[in-house]
Amino acid sequence: MATSLGWDLGRAVVTVVLTLALGPAVLKALRRATRRAAFEAAVTFEATQQPPDGR
27 MATSLGWDLG RAVVTVVLTL ALGPAVLKAL RRATRRAAFE AAVTFEATQQ PPDGR
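Heads up: take any position in the sequence shown, counting from 1, add 26, and you land on our numbering.
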């Protein structure tokens, strides 16, 4: 455990720095993609035509 402590601390620091640096940009991109993907399909009901033989 003592031998890996340096690597673990280094990875933790890099993870925190990258999360703080890139997090806002990633969230902004995800929000933009969500807005573009969210669409409302208009629901329309149309009367069906009856066949000529009355069925």
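Where is the CB? At the ideal position from N, CA and C, for every residue including glycine.
Other residues of its chain near residue i: CB distance less than 8 Å, five sequence neighbours each side excluded
i	result
T70	none
Secondary structure of residue i, DSSP reduced to three states
i	result
P78	coil
A38	helix
T60	helix
V52	helix
V69	coil
Cβ shell of residue i (< 7 Å), same chain only, five flanking positions each side left out
i	result
A67	none
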